[in-house]
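In the working numbering, the protein residues as written are 169 to 229.
Beta carbons: idealized from backbone N, C-alpha and C, even for Gly.
From a predicted model like this one, the values you see are computed outputs, not experimental measurements.
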Amino acid sequence: MEDRKNIKNIKDIATKELIEELRNRNGVKELIAEPYDSFKIMVKEQILEETGPAIILVVID
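Here it is in structure tokens:
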């Protein structure tokens, strides 16, 4: 079993590093909104409308 003392606290890991790890995993879809690209995410009655730049990860696990 891996020694847990060598594992960083997840709070200490930069967001960029987390994204790099997640984007390469199975069950993760990545969408990229370039600067000034508008996007809308709708889930039931929740709606998020934003403008890029943005990386959108959909995690199906």
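inquiry  = So, under 8 Å CB-CB, THR251 and ASP205 are touching, yes? Tell me the CB distance rounded to an integer number of Å.
reply    = Outside the modelled stretch of the chain, which goes from 169 to 229, sits residue 251, for which no answer is possible.
key: Sequence-distant residues of the same chain with beta carbon closer than 6 Å to GLU213, five excluded per side   = Looking up residue 213 in the sequence shown gives position 45. So no residue of the chain qualifies.
ask   = Between the Cα of VAL211 and the Cα atoms of LYS197, ILE200, ALA201 and VAL226, which residue gives the shortest distance?
value = Here residue 211 corresponds to residue number 43 of the sequence shown, with the count starting at 1. It is VAL226.
message = By the three-class DSSP mapping on this structure, what secondary structure does GLU189 have?
response = Here the question's residue 189 lines up with position 21 in the sequence shown. In the structure shown, GLU189 sits in a helix (DSSP, three-state: H, G or I).
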